[in-house]
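The listed protein sequences correspond, in order, to chains A and B. Each residue of the first sequence is one higher than the last, beginning at 260 in the numbering used here. Each residue of the second sequence is one higher than the last, beginning at -11 in the numbering used here. What follows is a single structure, written as structure tokens, with notes after it.
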Amino acid sequence: MKKLTLKDSEYEIKKGKILRVRKMTAIETFFEIALPGGESLDHEPGQFVEVSLFGVGEAPISVTSSPTKRGSFELAVRNVGKVTGALHKLKEGDEVGIRGPFGKGFPVRIFEGNDLLCVAGGLGIVPLRSLINYVIDNRRDFGKVEILLGCKTPKDMLFNEEVDEWNKRLDVKLNCTVDKADPDWKGNVGLITSLIPGINLKPERTFAVVVGPPIMYKFVIKELLKKEIPERHILVSLERHMKCGLGKCGHCQINNFYCCQDGPVFSYDKIKNIPEAL
Amino acid sequence: MQYAVLKKEYLNEFITRLAQDQKVIAPVAKGYNQFAFEEVKSGEKVALDHIPTILPPKKYFMPQYETLATYHANSSQKMNPVVECEDLILFGVHTCDLAGIQCLNMVFSERPKDINYLIRKSKITIIGYGCNDYCDEYASCRLVHSHTPNGGYDLFFINLGDKFFVHINTLAGDEITEKTNLFEPATPADLNALAKIREKKREIFANEVPVVHERMPEMFSKSYDSNVWEDLGKRCLACGNCTNVCPTCYCFDVTDEPNLDLQTGKRFRRWDSCQNEAFAKVAGGESFRKERSARQRHRYFRKFKYPMEKFSRLFCTGCGRCSRTCMAKINLKETLNQLVEEQGMKNLKAGRETE
Ligand SMILES: Cc1cc2nc3c(=O)[nH]c(=O)nc-3n(C[C@H](O)[C@H](O)[C@H](O)COP(=O)(O)OP(=O)(O)OC[C@H]3O[C@@H](n4cnc5c(N)ncnc54)[C@H](O)[C@@H]3O)c2cc1C
Ligand code: SF4
Ligand code: SF4
């Protein structure tokens, strides 16, 4: 059997150099990464990359930085297993393999001129942060911006300083809630769904973007529909097992959709009749 | 010369001459009424009129285990993407398996293209073979119209008794007939004999399941919540045999295999199966097809519904391999019959109507 070298393999990685590592929580770490020669990753908010470590494997990870941040991009990784565990051992100056960006991100151009309601549960803030910072960097192109954040306990909050900064801005409205408070917590307590009824919005000009654990979607969407937000104005980002990112390996298939190519961002009207989606 | 004949007594010599300067692959008997595609040097062991091989020829287009890249992991992430390939002639590929290869071609040439597959494909020459009779009771090739050839070959052989009728479909096929120098032009009598065989075939092959081919996706749309899946789920052992042997199942896993030095190694892909529970499990612990019934339904929908929307064709070739191999005796024809019954889509004349 011959082994030919390929110049155009979809599996070829780019070398990413880790510029900065920061521990975020007990299990989440933040990485800032640059491609060779400062090449742009050229992603859309909501897209993901395959992060590769030879000898360990690859894992799909959302790009958490906005494309408006140039010269490098950022990831936030939760340690849950092999690849994510190995990533947590890396130091500044180390290299990782990067493939992508992959998938359909948030339809930012369609959002322009409209109001945005961002709903992030747990790790959902990671992809949403890319959108939020993109919107903030192009602030006048969008209408009202409201952010709802939810997580289990105050200790699990990600991007605290940045969230504080968003909170201080007069052109962004922000609301946090935790399932279980600690003595220092000053925000809301309860599920993220409890924050939605109180929001004042114009449904026909609002786009709601929802990212969180699988269980969250049904409940949040129900509340959003009660607010009469049109189905195609509700965007979700779905997580599935992925191996190739190329719409072939089959792991991420949601009925007739391939999450890695057709998603991970879907509008609710597209998936509401797709039984495996939510 | 577009039509030729090869006398049967020359088959052995034909394969021998072909094998002189290229690797020739053909079905060979393995005992216990099992057959497998493997390398042959002569025609002696070639088994043509038998049930489909254990594994379909997809193993040459998309190997069970394939190196995608070799790597060097020490200070920096260095990789060398590769494709493993060789020139092959596949001989004796039944029409159902030709259909299977056509399905895979669509999947892997769709963007983003799978260059590994496409390079391997470009190095394979295909000599098809038409069955004059059913191989066994598991086949449902008539239902999906794969009992006759629909292209996808370089040469095609049909058994005329004492000789093979040969359709030369491509220049590569023509070069084979030239090089081996054993073929004669087909005569009007040969064409007559061919017409008779075809006539007989029309009598023998009838729709194995009483439903119109074109209405199958509709039948599946209506059957998403059918009890049929519950029943399959109770019986299925989730072994994944059915997907391994299926000519149109192509799901895979990508993994690294370090060498002993732990610095170098390879990234490879291997066949995976949607019938394993972990297949669709994500890090939070959520599994998106937790029940075996949902996984069996997924397998069937990937044959009869989803590809219709994406590629406008069914991804079942009627080869019967999944039913033959299943330890739980899950039988594709039986499942389809149950769905037909349940959805009231029985059409006894289905076979004739779609002629
Ligand atoms: C589009 C997308 C974006 C994501 N973004 C982020 C992110 O920004 N930050 C983050 O921390 N995580 C993210 N994830 C989840 C992350 O991909 C998985 O946690 C990671 O793949 C687990 O790999 P592992 O080798 O560490 O785990 P393993 O040791 O392989 O397994 C641990 C668990 O993860 C599951 N798993 C394994 N491989 C995959 C895979 N390729 N895809 C999904 N699940 C898998 C296993 O079934 C098992 O339950 C994202 C996933 C997707 C699909
Ligand atoms: S071969 Fe049979 S038992 Fe095994 S996974 Fe397929 S249907 Fe289930
Ligand atoms: S589903 Fe069964 S009969 Fe159909 S192509 Fe696959 S193995 Fe053959």
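Cβ atoms here follow ideal geometry from the backbone N, Cα and C, with glycine treated the same way. These numbers come from a predicted model, not from an experiment.
Shown here, T284/A sits in coil according to DSSP, grouped into three states, outside any helix or strand. Relative to ligand 2, the beta carbon of L225/B is positioned inside 7 Å of a heavy atom. Rounded to the nearest whole angstrom, the C-alpha separation of G471/A and P295/B is 30 Å. Between Y48/B and I112/B, the C-beta gap is smaller than 8 Å, which places the two residues in contact. Counted as a single uninterrupted DSSP element, the alpha helix (DSSP H) harbouring V342/A occupies residues K341 to L346.
If you check the C-beta of T55/B against ligand 1, you find no heavy atom less than 7 Å away.
By the C-beta density criterion, P442/A is exposed, having fewer than 16 other C-beta atoms within 10 angstroms.
Taking C-beta atoms as the reference points, C119/B and T305/B fail to come closer than 8 Å. Neighbours of L302/B in chain A, taken as residues at a C-beta separation under 8 Å, are lacking, since the least C-beta distance is about 14 Å. Residue state for Y(-2)/B is assigned as helix, using DSSP reduced to three classes.
With respect to A61/B, T41/B sits apart: the two C-beta atoms are not nearer than 8 Å. Judged by DSSP in its simplified three-state form, Y20/B adopts coil rather than helix or strand. Counting only Cβ-Cβ distances below 8 Å, N68/B has contacts in chain A at T264, in chain order. DSSP places F153/B inside the beta strand (DSSP E), whose first and last residues are K151 to I156. Here T165/B is not bridged, per DSSP, to any residue. DSSP places I318/B in the coil class of the three-state scheme, outside both helix and strand. Not a single CB atom of chain B sits nearer than 8 Å to the CB of P413/A. Residues of the segment 272 to 298 of chain A with a C-beta less than 7 Å from any C-beta of chain B: I272 and K274, listed in chain order. With a threshold of 7 Å, the Cβ atom of P523/A counts as near ligand 1, since some heavy atom of the ligand is closer than that. If you compare the alpha carbons of A440/A, G372/A and Y270/A with that of R399/A, the shortest gap goes to G372/A.
Within 8 Å of the CB of T243/B, the CB atoms of chain A belong to G316, in sequence order along the chain. In this structure, P15/B is the residue among P15/B, P44/B, E32/B and L56/B with its C-alpha nearest to the C-alpha of G80/B. Interface annotation for the segment 68 to 101 of chain B against chain A: N68, P69, V70, V71, E72, C73, E74, V95, F96, E98, P100 and K101, criterion Cβ-Cβ distance under 8 Å.
Per DSSP, E187/B is one residue of the alpha helix (DSSP H) stretching across P176 to I192.
The beta carbon of E482/A lies closer than 8 Å to those of T452, I455 and P456 in the same chain, with the five residues before and after it left out. Within the segment 218 to 240 of chain B, the residues whose Cβ lies closer than 8 Å to any Cβ of chain A are, in chain order, Y238, C239 and F240. In the structure shown, E535/A falls within a coil segment according to DSSP collapsed to helix, strand and coil.
Chain order is used for the residues whose beta-carbon lies nearer than 5 Å to a heavy atom of ligand 1, namely F307/A, A318/A, P319/A, I320/A, S321/A, V336/A, R337/A, V339/A, G340/A, K341/A, V342/A, T343/A, V385/A, E498/A, H500/A, M501/A, P523/A, K269/B, V270/B and A271/B. Contiguous alpha helix (DSSP H) elements confined to the segment 440 to 522 of chain A occur at 473 to 485 and 518 to 521, taking only those with 4 or more residues. Of L327/B, I13/B, T165/B and M50/B, the smallest CA-CA separation from V95/B is found for M50/B. The residues G364, in chain order, have a CB closer than 6 Å to that of E303/A in the same chain once the five nearest residues on each side in sequence are set aside.
The DSSP-derived three-state label of T231/B is helix. At the C-beta level, E74/B and M260/A come within 8 Å of one another. Less than 8 Å divides the Cβ of L376/A from the Cβ of L460/A. Unbroken alpha helix (DSSP H) stretches of 4 residues or longer found wholly inside the segment 101 to 133 of chain B: 103 to 110, given in chain order. Under the three-state reduction of DSSP, D374/A is assigned to strand.
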